[in-house]
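Novice: Letter by letter, the sequence shown follows residues 1 to 482 in the UniProt record's numbering.
Positions of the beta carbon are idealized from the N, C-alpha and C atoms, including for glycine.
In this text, all values refer to a predicted model and were calculated from it rather than measured experimentally.
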Amino acid sequence: MINYRPIARVISILLVIVGGLMWTGVPFSAYFDEDLRPLLLAGLATIGLGALLYLVPFRRGIPIRKREGYLIVVLSWLAMIFAGMLPYLFSGIIPNVADALFETVSGMTTTGASVLTDIEIQPRGLLYWRSLTQWIGGMGIIVLTVAIFPLLGIGGIELFAAEAPGPTSDKLHPRISETAKRLWLIYVGLTVVLVGVLTLLGMSPYEAINHALTTMATGGFSTRNASAAAFSPAIQYALIAFMFLAGVNYTVLYLSLKRRWADVWKSEELKAYFSLVVFLTVIITIKVYHATGSQDLEQAFRDSLFQIVSLLTTTGFVSADYTSWTTSITLMCFVLLFLGACAGSTSGGIKVIRHLVFFKNSYLEFKRLIHPAAIVPLRLNQNIVPGRIITHVFNFLLLYLLIFVFGSVFLAMLGLDFMTSIGAMATCLGNVGPGIGEVGPVDNFAWLPGHIKVFLSFVMLIGRLEIFTVLVLFTPFFWRLN
Numbered sequence: 001m002i003n004y005r006p007i008a009r010v011i012s013i014l015l016v017i018v019g020g021l022m023w024t025g026v027p028f029s030a031y032f033d034e035d036l037r038p039l040l041l042a043g044l045a046t047i048g049l050g051a052l053l054y055l056v057p058f059r060r061g062i063p064i065r066k067r068e069g070y071l072i073v074v075l076s077w078l079a080m081i082f083a084g085m086l087p088y089l090f091s092g093i094i095p096n097v098a099d100a101l102f103e104t105v106s107g108m109t110t111t112g113a114s115v116l117t118d119i120e121i122q123p124r125g126l127l128y129w130r131s132l133t134q135w136i137g138g139m140g141i142i143v144l145t146v147a148i149f150p151l152l153g154i155g156g157i158e159l160f161a162a163e164a165p166g167p168t169s170d171k172l173h174p175r176i177s178e179t180a181k182r183l184w185l186i187y188v189g190l191t192v193v194l195v196g197v198l199t200l201l202g203m204s205p206y207e208a209i210n211h212a213l214t215t216m217a218t219g220g221f222s223t224r225n226a227s228a229a230a231f232s233p234a235i236q237y238a239l240i241a242f243m244f245l246a247g248v249n250y251t252v253l254y255l256s257l258k259r260r261w262a263d264v265w266k267s268e269e270l271k272a273y274f275s276l277v278v279f280l281t282v283i284i285t286i287k288v289y290h291a292t293g294s295q296d297l298e299q300a301f302r303d304s305l306f307q308i309v310s311l312l313t314t315t316g317f318v319s320a321d322y323t324s325w326t327t328s329i330t331l332m333c334f335v336l337l338f339l340g341a342c343a344g345s346t347s348g349g350i351k352v353i354r355h356l357v358f359f360k361n362s363y364l365e366f367k368r369l370i371h372p373a374a375i376v377p378l379r380l381n382q383n384i385v386p387g388r389i390i391t392h393v394f395n396f397l398l399l400y401l402l403i404f405v406f407g408s409v410f411l412a413m414l415g416l417d418f419m420t421s422i423g424a425m426a427t428c429l430g431n432v433g434p435g436i437g438e439v440g441p442v443d444n445f446a447w448l449p450g451h452i453k454v455f456l457s458f459v460m461l462i463g464r465l466e467i468f469t470v471l472v473l474f475t476p477f478f479w480r481l482n
């Protein structure tokens, strides 16, 4: 039987944290002489609801089982999403519930798709909250809560397994709370460093904070209508570097900080990630340079590298309209929507490690055909990959493909054209932001009907929570008593 008391306790703490984070936007509203009430009231309502849930009787030392772990993750994200809608609704900048839901889900899942048609006229305090929703969702606020679980008398390993992105969640420390603290220290540290770098390169402190929050979250919300194209080449190169870092497994980043270079270079996923960026940059730079004769080679290289890293890490910043280059480049960029960066990073998508498992196992299958009696194990980072992991990866890939296909067909049945249907489905499921068709890099999602936005909001959520975490709740055996 599912124990709902620890679930209520965790959600109550999360709501208090989210409400407090809302109030960090109040100084920006005050500085820019804007209405303070939306953020103040939204924060008060969120904290108040969290306080009420905290009153639910709770006994320390209760273990969280798998069922409670998955429920906590999904229900916590839903609670954060509905709380995150309040500033938009209270301020009136997004008065429609479907639009507010879409914008909040896009923020919390770090997708970066938006319904705001003119970002630069919006209140600065609310734009900061919009950026902060991505930073909250970037690592997953559940991991932050795991760090304080010892104070609640709850063990958090099941939560970490349900929330951590990718097929594996390497532990940096034997205690899961210590792991979460280390992850967040790296996350916060890189965000602070990027704020300083962007400020030194000419961004205003306000814009530097916003873009640092959304870059390290691989989210892509910007304070400018033109996104990253509005800034200097130096700023774009800085964003490229930190987007790339945000797409690296945080375990690898931790090992780098510890100068354990031998362990870092053993990561096959990191090598594949880096090689993919280099290979695609060379190919697309050449094609862009020849396709747009008016561009110089440096700009062709910068635009190509920026869009490759932005799409591969599922950040979604835009420095150029890649759909206007050539059909082949558009197709390559569309394929990038299905890749994702490294597992254990803040990026969305399928993740490089799953592709590695798939291609390496497929290659080894040819060897098994020639030598049917031989035992040919799959190895990654010099370790044998267990059969259950291979099965999980193949099931994930098949389920991901099926969701994309059926979702695209469903969108087409609702009236979208072919290119827009597959573009919207791919970018929302992969948590990327820009797609192709009428939801490309220079478009947004404001024109879509409300029911389509609600559907795509659900797609973004299951993509962010790695599909199984959400869909397992819809299976009958999840709710059985035994």
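Count the other CB atoms, across all protein chains shown, that sit within 10 Å of the CB of TYR31; report buried if there are 16 or more and exposed otherwise.
Specialist: Burial call: exposed.
Novice: Would you report the Cα separation of ILE186 and LEU253, rounded to the nearest angstrom?
Specialist: Near 8 Å, if we compare the C-alpha coordinates of LEU253 and ILE186.
Novice: Any idea which residues DSSP pairs ARG379 with across the strands?
Specialist: ARG379 is bridged to ILE384.
Novice: TYR128 to ASN383, Cα distance in whole Å?
Specialist: Cα-Cα distance, rounded: 44 Å.
Novice: Within 10 Å of its beta-carbon, does ALA373 have 16 or more other beta-carbons around it, so buried, or fewer, so exposed?
Specialist: So ALA373 ends up on the exposed side.
Novice: Apart from the five residues on each side of it in sequence, which residues of its chain come closer than 6 Å, Cβ to Cβ, to LYS266?
Specialist: Only ASN381 meet the Cβ criterion.
Novice: Any chance the stretch 15-27 sits against the stretch 45-57, with 3 or more Cβ pairs inside 8 Å?
Specialist: Yes, the stretch 15-27 is in contact with the stretch 45-57.
Novice: If I'm right that LEU461 touches VAL472 with Cβ under 8 Å, what's the distance once you round it to whole angstroms?
Specialist: Between VAL472 and LEU461 the Cβ distance is about 14 Å, and since that is not below 8 Å, they are no contact.
Novice: Would you check if the distance between the CB atom of TYR250 and the CB atom of LEU183 is smaller than 7 Å?
Specialist: The answer is yes: Cβ separation under 7 Å.
Novice: Alpha carbon to alpha carbon, how far is SER232 from SER29? Give it in angstroms, no decimals.
Specialist: For SER29 and SER232, the distance between alpha carbons rounds to 27 Å.
Novice: Check whether the Cβ atoms of ASN361 and THR111 sit closer than 7 Å, and answer yes or no.
Specialist: The answer is no: Cβ separation not under 7 Å.
Novice: Within 10 angstroms of the Cβ of SER328, are there 16 or more other Cβ atoms? Answer buried if so, exposed if not.
Specialist: Result: exposed.
Novice: Of the choices VAL376, ASP303, ILE353 and ILE467, whose alpha-carbon is the least far from that of LEU398?
Specialist: It is ILE467 whose Cα lies nearest to the Cα of LEU398.
Novice: Got a sec? Which residues, its chain only, sit under 7 Å from PRO434 by beta carbon, not counting five neighbours each side?
Specialist: Around PRO434: GLY316, VAL318, THR427, GLY440 and PRO441.
Novice: Find the nearest neighbour of THR133 within the set ARG124, THR104, ALA113 and ASP118, judged by alpha-carbon distance.
Specialist: Comparing Cα positions, the closest option is THR104.
Novice: I need the DSSP call for ILE467, collapsed to helix, strand or coil.
Specialist: Reduced to three states, the DSSP call for ILE467 is coil.
Novice: How close, in whole Å, do the beta carbons of THR313 and MET139 come, if the pair is a contact with beta carbons under 8 Å?
Specialist: Not a contact, Cβ separation roughly 14 Å.
Novice: What first and last residue would you give for the alpha helix (DSSP H) that runs through GLY202?
Specialist: Premise fails: GLY202 is in no alpha helix (DSSP H) and is neither H nor E.
Novice: Within 10 angstroms of its Cβ, does ASN395 collect 16 or more other Cβ (buried), or is it exposed?
Specialist: The residue in question, ASN395, is exposed, as its Cβ has fewer than 16 Cβ neighbours within 10 Å.
Novice: Count the C-beta pairs between the stretch 299-309 and the stretch 268-282 that are closer than 8 Å, then say yes if the count reaches three, no if not.
Specialist: Yes, since at least three Cβ pairs between the stretch 299-309 and the stretch 268-282 fall closer than 8 Å, the two stretches touch.
Novice: Is the beta carbon of ALA100 closer than 7 Å to that of LEU89?
Specialist: Contact: yes.
Novice: In or out: LYS271 buried (at least 16 other Cβ within 10 Å) or exposed?
Specialist: Counting Cβ neighbours within 10 Å, LYS271 comes out exposed, since fewer than 16 surround it.
Novice: Roughly how many angstroms separate the alpha carbons of PRO150 and GLY50, rounded to a whole number?
Specialist: Unreliable placement is indicated for PRO150, whose pLDDT of 46 sits below 50; no coordinate value is reported for it.
Novice: Please state the DSSP three-state secondary structure of PRO27.
Specialist: Reduced to three states, the DSSP call for PRO27 is helix.
Novice: Indicate the three-state DSSP secondary structure (helix, strand or coil) for LYS287 in the structure shown.
Specialist: DSSP places LYS287 in helix when its eight states are reduced to three.
Novice: On a Cα-Cα basis, can you pick out the residue from ASN96, THR191 and CYS333 that is closest to SER131?
Specialist: The option with the nearest alpha carbon to SER131 is THR191.
Novice: Is PHE102 closer than 7 Å to LYS367 when the C-beta atoms are compared?
Specialist: Not closer than 7 Å, so no.
Novice: Is SER12 near TYR70, with beta carbons less than 7 Å apart?
Specialist: Against a cut-off of 7 Å, the Cβ pair of TYR70 and SER12 comes out as no contact.
Novice: Figure out for me which residue from VAL16, VAL248, PRO123 and VAL115 has the closest Cα to the Cα of ASP35.
Specialist: When only C-alpha atoms are compared, the closest one is PRO123.
Novice: Rounded to the nearest angstrom, what separates GLU68 and VAL288 at their Cα positions?
Specialist: Distance between the alpha carbons of GLU68 and VAL288: 50 Å.
Novice: Consider the Cβ of ALA42: report whether some Cβ of chain C lies at a distance smaller than 7 Å.
Specialist: This model lacks chain C altogether; it includes just one protein chain.
Novice: Residue range of the alpha helix (DSSP H) that ARG302 falls in?
Specialist: Run containing ARG302: 297-312, per the alpha helix (DSSP H) assignment.
Novice: Between the beta-carbon of ALA228 and the beta-carbon of LEU239, is there less than 7 Å?
Specialist: Closer than 7 Å, so yes.
Novice: For ASP99, report the span of its alpha helix (DSSP H) as first-last.
Specialist: First-last of the alpha helix (DSSP H) with ASP99: 97-108.
Novice: Label ALA339 either buried or exposed according to how many other C-beta atoms from any shown protein chain fall within 10 Å of its C-beta, with 16 as the threshold for buried.
Specialist: According to the sequence as given, residue 339 is Leu; it is not Ala. Answer is buried; the Cβ neighbour count reaches 16.
Novice: Can you tell me where the alpha helix (DSSP H) with LEU356 in it begins and where it stops?
Specialist: Start and end: 352-370.
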